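According to our numbering, the sequence shown is numbered sequentially starting from 83. Ideal Cβ positions, reconstructed from N, Cα and C, are used throughout, including at glycine. Note that this is a predicted model, so its numbers are computed, not measured. Following: one structure in structure tokens, then a few remarks.
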Amino acid sequence: MGYVAAGSRRWYETGLTGRGPGFYRTDCFSEKDRMSEKPILDSPTPAAGLEACEERIGYRFRDPALLQAAVTHASGAQHRLASNERLEFLGDSILGFVVCDRLYQAFPDSLEGDLTRIKSAVVSRETCSRISEKLGLVDFLIVGKGMSLHRSVPTSILSDMFESLVAAIYLDGGIEPARAFLERWVIPEIEKVVSGQEGFNHKSLLQQLAQAVFGIAPTYEVIEEVGPDHKKEFHVQAQIGRRRYVPAWGRNKKEAEQRAASNALDALREEGIETPQRQPGSA
């Protein structure tokens with residue numbers, strides 16, 4: 083059975099038990115297709131791919147099979163029980179618990195509605211997919227042939243992969259390693275939400291900032307669409323004048339534009355251009 087790396091599109095021929103992260107299934111390809119590119123002999127082995135993923139996330143698994151399941155999309159699995167779907171189900175709850183626990187301890191004077199608003203933004207699909215992008219988890223993603231045709235990976239897959247990874251760490255080492263992982267990557271998002279950087283109307287914030295700093299309004303361009311008509315995802319890029327920012331995926335154009343605006347705001351912050359700040363419970 084063969085796999086092709088998610089990021090590099092390089093080919094690998096491995097045995098059934100040699101499958102690892104960052105590879106596409108190619109067992110359904112014809113021999114002609116399989117030989118369309120030469121093997122890269124000095125590329126990482128599947129086992130090395132797992133180790134590279136562990137290095138990236140800062141956690142060493144006692145049971146590597148959990149990590150392999152966490153990075154396997156249903157389209158790249160032998161059957162759905164071997165994919166990350168069940169892990170994503172568990173990881174979503176672990177993520178919610180850790181964030182709620184932190185919010186309860188950090189904001190003793192905040193009302194339930196305020197805590198819920200912050201939590202919703204912190205554990206959102208948008209946040210999880212953005213963290214996946216920062217970690218470069220797509221380098222280790224296993225998907226099927228059909229998914230490999232896309233130039234970019236949809237937001238939902240990156241988000242589910244992150245939550246699956248949280249569950250895999252929990253099952254492998256317990257709540258403390260999972261909490262430590264989330265403390266590093268997710269808990270900082272709380273401060274961003276409270277300060278007004280995340281969880282609000284990104285397009286509105288970008289509009290205000292662009293007009294104040296550059297004297298013009300931002301525009302948005304759909305650069306790619308994937309999926310069937312009833313379940314399309316959109317890749318949208320924000321632009322201010324001639325300045326173009328990192329595009330983002332969304333389940334509809336509105337969501338994609340919000341995420342693209344968020345990327346633009348991140349880029350502007352790196353340049354020292356900040357958005358107005360808010361406090362918990364403020365309008």
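Residue i to residue j span [Cα, whole Å]
i    : j    : result
E167 : V295 : 44 Å
A343 : K274 : 15 Å
G140 : E352 : 25 Å
E137 : I298 : 43 Å
K313 : G218 : 25 Å
S214 : L193 : 31 Å
E170 : F263 : 16 Å
L197 : L185 : 7 Å
R326 : L350 : 11 Å
I355 : Q321 : 16 Å
I305 : L172 : 34 Å
G178 : D191 : 20 Å
A338 : W331 : 5 Å
E258 : R207 : 23 Å
G195 : S238 : 26 Å
E133 : H161 : 24 Å
P310 : A188 : 43 Å
M243 : C210 : 9 Å
K216 : N334 : 23 Å
R144 : V180 : 23 Å
V290 : V308 : The sequence as given places Gln at residue 290; Val does not occur at that position. Going from the Cα of Q290 to the Cα of V308 covers about 31 Å.
Residue closest to residue i, alpha-carbon to alpha-carbon, out of the options
i    : options                   : result
L287 : R142, L163, S234 and R341 : R341
H155 : L240, F263 and A320       : L240
E245 : K201, V153 and E271       : V153
D174 : S211, T209, H161 and A249 : A249
V268 : G226, V304, A164 and R212 : R212
R324 : E303, W331, G195 and K336 : E303
G255 : L132, R142, K216 and E133 : R142
C182 : L132, E265, A134 and R162 : E265
Q319 : K336, D311 and G309       : K336
A292 : Q160, A188, A346 and Q187 : A346
D348 : E315, C210 and H284       : H284
V276 : E307, K216 and I200       : I200
I176 : P270, V220, D221 and R261 : R261
One or two residues paired with residue i in a DSSP bridge
i    : result
R325 : I322
G140 : Bridge partners of G140: none, in fact.
I239 : For I239, which the question treats as bridged, DSSP gives no partner whatsoever.
F316 : E307 and G332
T154 : I224
Coarse secondary structure for residue i, derived from DSSP in three states
i    : result
I298 : coil
E337 : helix
G173 : helix
A330 : strand
F222 : helix
V205 : coil
Q160 : coil
V181 : helix
E43  : Residue 43 falls outside the range modelled here, since the chain spans only 83 to 365, and no answer is possible.
S246 : helix
P190 : coil
I269 : coil
N345 : helix
D254 : helix
S286 : helix
Integer-rounded CB distance, given that residue j should sit under 8 Å from residue i
i    : j    : result
H317 : P329 : 5 Å
A151 : A130 : Rounded, the Cβ-Cβ distance is 18 Å, inconsistent with contact.
L253 : L148 : 6 Å
V204 : I272 : 6 Å
V25  : G158 : With the chain represented from 83 up to 365, any question about residue 25 goes unanswered, as that position is not in the structure.
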